[in-house]
Amino acid sequence: MSKLVAQDDWVWIVVQYTPEGEQMVGQQLAGEEESFIPAFLKKEEAENNYKKLALTEGTHYEVQAMEYKELVRVTSASGFLIYILDEEGRILEKNRP
Numbered sequence: 002m003s004k005l006v007a008q009d010d011w012v013w014i015v016v017q018y019t020p021e022g023e024q025m026v027g028q029q030l031a032g033e034e035e036s037f038i039p040a041f042l043k044k045e046e047a048e049n050n051y052k053k054l055a056l057t058e059g060t061h062y063e064v065q066a067m068e069y070k071e072l073v074r075v076t077s078a079s080g081f082l083i084y085i086l087d088e089e090g091r092i093l094e095k096n097r098p
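This is the structure we're talking about:
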């Protein structure tokens, strides 16, 4: 459970478009084994910071809103954590769905 985000709140994530379809962008920090989905509390924060993520060149990316409880549902099935990031891309909170 998040201390920053309620289940019915919306967060902003980055989506990539691949030949297989739309997919949330996951990340892994150097030296760590856990993978995570970066989520932002505000659209502007996501738009200003998503290019700092490890992204594949030539792939189309888009910032999209997602209800937090849906993000929890999807990430729990895939084994990803959720990292809530601030306007500078710093980790505010790590959540295990």
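Note that the numbering used here has the sequence shown beginning at 2, numbered continuously upward. Glycine included, every Cβ here is placed at the ideal spot set by N, Cα and C. Note that the structure is a prediction, hence the values are computed from the model and not measured.
Through-space distance from residue j to residue i, alpha-carbon basis
i, j, result
"ALA7", "TYR69", "7 Å"
"ASN49", "GLU88", "8 Å"
"LEU54", "GLN28", "7 Å"
"ILE14", "MET67", "7 Å"
"VAL73", "VAL12", "11 Å"
"MET2", "GLU46", "22 Å"
"PRO92", "TYR84", "Checking the displayed sequence, the identity of residue 92 turns out to be Ile instead of Pro. Cα to Cα, ILE92 sits roughly 6 Å from TYR84."
Continuous alpha helix (DSSP H) stretch holding residue i: start and end
i, result
"LYS44", "44 to 50"
"LEU72", "69 to 79"
Neighbourhood of residue i by C-beta distance below 8 Å, restricted to the same chain and skipping five residues each side
i, result
"LEU82", "GLU35, SER36, PHE37, ILE38, THR76, LYS95, ASN96, ARG97, PRO98"
"TYR62", "VAL15, VAL16, GLN17, TYR18, VAL26, TYR51, LEU56"
Terminal residues of the beta strand (DSSP E) in which residue i lies
i, result
"GLU23", "22 to 25"
"GLN17", "11 to 19"
"PRO39", "36 to 41"
"GLU94", "92 to 96"
"LEU56", "From DSSP, LEU56 is part of no beta strand (DSSP E); its letter is neither H nor E."
Proximal residues to residue i (C-beta, below 6 Å), its chain only, five neighbours per side dropped
i, result
"GLN1", "The displayed coordinates of the chain run from 2 to 98. Any statement about residue 1 would go beyond what the structure contains."
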